[in-house]
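Peer 1: One structure follows; several queries about it will come next.
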Amino acid sequence: MELRHLKYFLAVAEELNFTKASEKLFISQPPLSRQIMELEDELQAKLFIRNNKKVELTEAGKYFEKEVKALFKNLEGISIQTKKIAENVSGKFRIAYISSIYSAVISELIQHLKIQFPYVNFKLFEVSTTKQIDALEQGKIELGIIRSPIKSPKIKAHLWFKDGFSLVYHKNSIQIKSDAEILNLKDETFVFFNKDYAPHYHEVLLELCAFYGFTPKIIHEANNINSIVQLVKNGLGISIVPSNIAKNNQDSEIGFIELKKVNLFTDVSLITSKEDDSEITQAAVDFLLKKSRSN
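Here the sequence shown is numbered in numbering that gives the first Met the number 0, starting from 0 and rising by one per residue.
Here it is, written out as structure tokens:
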């Protein structure tokens, strides 16, 4: 069954006259009759009652007409939507980010993209690094913001910025002036990222503590950087967080001390599919890279 069979059928169903239908379709009547017979043979159903006086739709024909009209209407909608997406005026664009990235930057990105692509539906997801990589490989997101490393032949990575580390503590609970005093905190309760959720980041935090000469006593774990900071604020321990968090936290009860003695950083990267060359993706990456250069 081909689209032309359906178009021919609709023409006859609307005119209920093979001569008028053939004129409408700019073909002669015998080929039209033959196409309708082929369609009926394939469906194994009589669609028309034909006699010398008139042409009528059978009950099967009436049902088929209704469904074919709905099909063509749907095809028209698909064609319009496809054209809009090709012109970057419609569709959806999914962005995933890790919790340790300051959300105001993401908000600015969406505002920037909305101006250029007003009809695009932008969706945001807070997702761990490992899950972002899987989602990008499977085509479930268009842009990811993660902490490296990245091990995937399908992904293109753009270094956004290098992030250091800072100790975070409640000012009323801990008295400390520099990272030279961190060893004094070896018996304190630590709040860390869950090992299963962010294994690489968890190992980096252990490495940092080892550099300062102790193994942290990890009592509480969380999967979200904001939850970790909130636990610290509530007096449930201290933690080590990306310095990016310290730069953007204005809470007067919370203190941060940058770990300057250790030359350890994490790469925050923008990841896209190697097969993605869309205008929206490029605009998003360009905006964020320009933003990092200006800070």
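Ideal placement from N, C-alpha and C gives every residue a C-beta, glycine not left out.
Using CA coordinates, which residue listed in 218, 212, 253 is at the minimum distance from residue 173?
Peer 2: Numbered from 1 along the sequence shown, position 174 holds the residue referred to as residue 173. Nearest C-alpha to residue 173: 253.
Peer 1: Residue 148 to residue 210, Cα distance in whole Å?
Peer 2: Indexing the sequence shown from 1 puts residue 148 at position 149. Indexing the sequence shown from 1 puts residue 210 at position 211. Cα to Cα, the separation comes out at about 21 Å.
Peer 1: Could you tell me which residues DSSP puts in a beta bridge with residue 161?
Peer 2: The residue given as residue 161 occupies position 162 in the sequence shown. Note: residue 161 sits in a beta bridge opposite 266.
Peer 1: The beta strand (DSSP E) with residue 95 in it runs from where to where?
Peer 2: Start at 1 with the first residue of the sequence shown, and residue 95 comes out as number 96. That run of the beta strand (DSSP E) goes 91–96.
Peer 1: Tell me whether residue 162 is buried or exposed, calling it buried when 16 or more other Cβ atoms sit within 10 Å of its Cβ.
Peer 2: Within the sequence shown, the letter at position 163 stands for residue 162. The residue is buried, with at least 16 neighbouring Cβ atoms inside 10 Å.
Peer 1: With a CB to CB cut of under 6 Å and the five nearest residues on each side skipped, what residues in its chain are close to residue 23?
Peer 2: Here residue 23 corresponds to residue number 24 of the sequence shown, with the count starting at 1. Excluding residues within five positions, the ones whose Cβ falls inside 6 Å are 10.
Peer 1: Report yes or no: do the region 255–269 and the region 240–247 share at least 3 C-beta pairs separated by less than 8 Å?
Peer 2: In short, these stretches touch, since the Cβ pair count reaches three.
Peer 1: What first and last residue would you give for the alpha helix (DSSP H) that runs through residue 23?
Peer 2: Here residue 23 is taken as the residue at index 24 of the sequence shown, counted from 1. Run containing residue 23: 17–24, per the alpha helix (DSSP H) assignment.
Peer 1: Write down the C-beta distance between residue 270 and residue 135 rounded to the nearest angstrom, noting that I regard them as a contact closer than 8 Å.
Peer 2: Start at 1 with the first residue of the sequence shown, and residue 270 comes out as number 271. Start at 1 with the first residue of the sequence shown, and residue 135 comes out as number 136. That belief holds up - the Cβ atoms of residue 270 and residue 135 are roughly 6 Å apart, short of 8 Å.
Peer 1: On the three-pair Cβ rule with 8 Å, is the region 69–77 touching the region 25–44?
Peer 2: The way I'd put it, the region 69–77 doesn't touch the region 25–44; fewer than three beta-carbon pairs between them come closer than 8 Å.
Peer 1: In chain order, what residues of the same chain lie with their CB nearer than 8 Å to the CB of residue 125, ignoring the 5 residues before and after it?
Peer 2: The count along the sequence shown starts at 1 and reaches residue 125 at position 126. These residues qualify, in order along the chain: 95, 96, 97, 98, 223.
Peer 1: Please look up how many angstroms separate the CB atoms of residue 203 and residue 235, rounded, as I've assumed it's under 8 Å.
Peer 2: Here the question's residue 203 lines up with position 204 in the sequence shown. Here the question's residue 235 lines up with position 236 in the sequence shown. Cβ atoms of residue 203 and residue 235 stay farther apart than 8 Å, at about 22 Å.
Peer 1: Determine the DSSP secondary structure at residue 156, reduced to helix, strand or coil.
Peer 2: Translated into the one-based positions of the sequence shown, residue 156 becomes position 157. Three-state result, residue 156: strand.
Peer 1: Report yes if the CB atom of residue 119 is closer than 7 Å to the CB atom of residue 143, and no otherwise.
Peer 2: Taking the sequence shown and counting its residues from 1, one reaches residue 119 at position 120. Taking the sequence shown and counting its residues from 1, one reaches residue 143 at position 144. Contact: no.
Peer 1: For residue 8, name the three-state secondary structure that DSSP assigns.
Peer 2: As a first step, residue 8 is located in the sequence shown; it is residue number 9 there, counting from the start. Residue 8: helix per DSSP, three-state reduction.
Peer 1: Could you pull out every unbroken beta strand (DSSP E) segment of at least 3 residues lying fully inside the region 228–253, listed in chain order?
Peer 2: 238–241
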